[in-house]
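J.: Just dropping this structure here.
Right under this line is the structure:
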């Protein structure tokens, strides 16, 4: 195995993951490179899952370009970072090529799936609202009180802007279904399933 051929992309606040990243590299220093994403910090987290996902996908491609020895990629993310990672993976993923008969192409690089040209290994999320946060006791500080949950839907975009609309499934860009619902299947050039 080439030195540092496995890339782990970790999301949420880069300082939140500092200790974990250091321990991971310390345990197997010659086999991993850990990149703590910095592209979606502070108020940029309010721009929406798709915008943050686009920024993350560009950041990952830049890392891959700077580290040509990378062969495999994994993502570890927390909370909304899991949605951002899912979106970025959907943008960067390329399925294996198939022949007209539905058989894999014999060329080894095209017969396997890839994320940014790397072999996908792991996708780990913790406390990620993959189905959104609207109602049904999904937001702990609303205490499961339906009146508070209904009120939150009306004001969440004032606090969390576009990301809040995505989380509460109230976005309808150009009359489309909410982004998190669209991320339940492949669409455009994004591969989510």
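Numbering (full-length UniProt numbering), first residue to last: 1 to 193. Glycine included, each C-beta is placed from N, C-alpha and C at the ideal position.
1) Under three-state DSSP, which class holds residue 128?
2) Within 10 angstroms of the Cβ of residue 60, are there 16 or more other Cβ atoms? Answer buried if so, exposed if not.
3) Since residue 115 sits in a beta bridge, which residues does DSSP pair it with?
4) Between the Cα of residue 65 and those of 147, 162, 118, spot the shortest distance and give me the residue it belongs to.
5) For residue 88, does the three-state DSSP call read helix, strand or coil?
6) What would DSSP say about residue 1, mapped onto helix, strand or coil?
7) Given this structure, state the Cα-to-Cα distance separating residue 67 from residue 32, to the nearest angstrom.
8) Is the separation between the beta-carbon of residue 125 and that of residue 77 shorter than 8 Å?
9) Where residue 92 and residue 115 are concerned, what is the direct C-alpha to C-alpha distance, given to the nearest angstrom?
10) Give the straight-line distance between the Cα atoms of residue 186 and residue 180, rounded to the nearest whole angstrom.
11) What did DSSP end up calling residue 168 once you bin it into helix, strand or coil?
T.: Taking the definition as stated:
1) In the chain shown, residue 128 corresponds to position 128, counting from 1. When secondary structure is reduced to three states using DSSP, residue 128 falls in the coil class, being assigned neither helix nor strand.
2) The residue labelled residue 60 in the question sits at position 60 within the chain shown. Flag for residue 60 reads buried.
3) To locate residue 115, count along the chain shown from 1; it is residue 115. The partner list for residue 115 (beta bridge, DSSP) reads 93, 118.
4) The residue labelled residue 65 in the question sits at position 65 within the chain shown. Ranking the options by Cα distance to residue 65, first place goes to 118.
5) As a position in the chain shown, residue 88 is number 88, starting the count at 1. Residue 88: helix per DSSP, three-state reduction.
6) For the purposes of this step, residue 1 is taken as the residue at position 1 of the chain shown. Note on residue 1: pLDDT 44, under 50, position unreliable in the model; the coordinate value appears next. DSSP places residue 1 in coil when its eight states are reduced to three.
7) The residue labelled residue 67 in the question sits at position 67 within the chain shown. The residue labelled residue 32 in the question sits at position 32 within the chain shown. Those two C-alpha atoms are separated by around 12 Å.
8) Within the chain shown, numbered from 1, the residue matching residue 125 stands at position 125. Within the chain shown, numbered from 1, the residue matching residue 77 stands at position 77. In this structure, residue 77 lies closer than 8 Å to residue 125 by Cβ.
9) Counting from 1 along the chain shown, the entry for residue 92 is found at position 92. Counting from 1 along the chain shown, the entry for residue 115 is found at position 115. C-alpha separation (whole angstroms): 5 Å.
10) Position 186 of the chain shown, counting from 1, holds the residue named residue 186. Position 180 of the chain shown, counting from 1, holds the residue named residue 180. Rounded to the nearest angstrom, the gap between the Cα atoms of residue 186 and residue 180 is 12 Å.
11) Sequence index remark: in the chain shown, residue 168 carries index 168 (1-based). Note: residue 168 maps to coil in three-state DSSP.
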